[in-house]
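Data block below; observations after.
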Amino acid sequence: MSRKYQGLIVLNTKSLDGTLDELVSSIAKEIEAEGGAIDKVAQLGRRQFAYNARHLEAGHYVNYIFTGSPDIVSKLQARLRLNGKVHLQHFQRVA
2 MSRKYQGLIV LNTKSLDGTL DELVSSIAKE IEAEGGAIDK VAQLGRRQFA YNARHLEAGH
62 YVNYIFTGSP DIVSKLQARL RLNGKVHLQH FQRVA
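Heads up: the sequence shown is residues 2 to 96, going by the numbering used here.
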């Protein structure tokens, strides 16, 4: 059974090694590595935070819409928690 999900990822672009597009595509590859199929990737741009969180003033927001099994979200959260460039992550099921 496959479900549709939306993932809002805030990326830490402070001291970025490559380009921003490479970082966005690497996150998409991690979603696909867990068995998800990417439907759409929308870069929402850089936005200021209301307050400094973990010494960051802003982050680059990216919205991923993908389909996958019901347990994909917990696997992705665990995997992306290890990525130092992912500042925040939020997933929800899309009806």
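From the three backbone atoms N, C-alpha and C, an ideal C-beta is built for every residue, glycine too. Since the model is a prediction, treat every value here as computed from it, not as a measurement.
*Closest to residue 15 by CA distance: which of 79, 70, 56 is it?*
56
*Measure the C-alpha to C-alpha separation of residue 25 and residue 63 and round it to an integer number of angstroms.*
8 Å
_Can you check which of these residues, 60, 85, 80, is closest to residue 35 by C-alpha distance?_
80
*Tell me whether residue 72 sits in a helix, a strand or coil according to DSSP, three-state version.*
coil
*asked:* To test your reading of the DSSP string, which unbroken beta strand (DSSP E) runs of 3 or more residues are found completely within the segment 33-96?
replied: 38-54, 57-69, 87-94
_Please return the same chain residues whose Cβ sits closer than 7 Å to the Cβ of residue 44, not counting the five positions on each side in sequence._
25, 63
*In chain order, what residues of the same chain lie with their CB nearer than 6 Å to the CB of residue 68, ignoring the 5 residues before and after it?*
3, 5, 38
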